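Numbering-wise (my numbering), the sequence shown opens with residue 26 and increments by one. Using N, Cα and C, we set each Cβ at its ideal position, and we do this for glycine too. Source: prediction; values computed, not measured.
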Amino acid sequence: MASMFFLVWIIIILTFFAVIINSTRIRIPSFKGRTIAHDGHVIPKKKDITCETAYGHNHGNTQDDRRFIVHEDPPEGYVILNGVKRSLEECKYL
């Protein structure tokens, strides 16, 4: 009877610690490893045209500490805002 009581207490304590550990674990954000603009929003992968993702380059910290280094001009009718290629029509009402 005493060993059964002891076993129940051990199971309760282990369950308690398992709940505490899982509830206090630091959650990894879903955007980890993705490009984040200067204003803090996450850039979608299909619109991310930084040289790090498009060409595989890693420039480190540049002297003026710009986040985006684009190697070629955007196509006619497009601009790049915060590392996102947008058409001029999209930018009309920003």
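task = For the beta strand (DSSP E) containing Leu-113, list its first residue and its last residue.
result = Taken as a continuous stretch (DSSP letters only), Leu-113 belongs to no beta strand (DSSP E), being part of the alpha helix (DSSP H) at 113-116.
key: Alpha-carbon to alpha-carbon, Ala-62 and Val-109   = If I take the Cα positions, the gap works out to 9 Å.
key: Local conformation of Ile-74 per DSSP, three classes   = Three-state DSSP puts Ile-74 in coil, outside helix and strand.
ask   = Excluding sequence positions up to five away, which residues of its chain have a Cβ less than 7 Å from the Cβ of Thr-60?
value = Around Thr-60: Ile-68, Asp-73, Thr-75, Thr-78 and Gly-108.
query = Is Leu-119 helix, strand or coil by DSSP?
reply = In the displayed model, Leu-119 falls within coil according to three-state DSSP, outside both helix and strand.
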